[in-house]
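Accompanying notes for the structure given below.
In our numbering, the protein residues as written are 4 to 138.
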């Protein structure tokens, strides 16, 4: 498998684990010093695997209410020991999708390969800010 394929598989498995609420698999390929910028605060991000782990229970609870988390597109660029990827995901409740069918979660991931293993070192989630166009 190429580095690009390895990273693609890692991210696809992560998305599947998030959708399933499988915390152990969500955490499995993240570096101990992960930095994540997420949609909800804190605005200066989450640092470290323990803090990253703590962000997931609330999301899984919200997701059990019927929300989706599904990969729509994924682009990966991978070198020998550094890679990045960006993706669009369908993330929201049926009512949110009905109100705004075009809304997608944006995901950017940075990875590092050490000792033959890829690990996520940076993760960024965002939604576009809907503001009226300037007049």
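Glycine included, every Cβ here is placed at the ideal spot set by N, Cα and C. In this text, all values refer to a predicted model and were calculated from it rather than measured experimentally.
Minimum C-alpha distance to residue i - residue among the options
i: residue 95; options: 85, 68, 25, 44; result: 68
i: residue 52; options: 28, 133, 130, 78; result: 28
i: residue 17; options: 105, 44, 70, 77; result: 77
Strand pairing of residue i, partner residues [DSSP]
i: residue 116; result: 121
i: residue 106; result: Answer by DSSP bridge pairing: none, since residue 106 is not bridged.
i: residue 70; result: Partner(s): none; residue 70 has no beta bridge.
i: residue 100; result: DSSP output for residue 100 lists no bridge partner at all.
Under the three-state DSSP convention, the category residue i falls into
i: residue 46; result: coil
i: residue 132; result: coil
i: residue 26; result: helix
i: residue 84; result: coil
i: residue 53; result: helix
Extent of the continuous beta strand (DSSP E) run through residue i
i: residue 64; result: Where residue 64 is concerned, there is no enclosing beta strand (DSSP E), although the alpha helix (DSSP H) it sits in stretches over 59-66.
i: residue 34; result: 33-40
Span of the alpha helix (DSSP H), counted from its first residue to its last, around residue i
i: residue 7; result: 6-23
Exposed unless 16 or more other CB atoms sit within 10 angstroms - verdict on residue i
i: residue 121; result: buried
i: residue 132; result: exposed
i: residue 55; result: buried
i: residue 66; result: buried
i: residue 90; result: buried
i: residue 117; result: exposed
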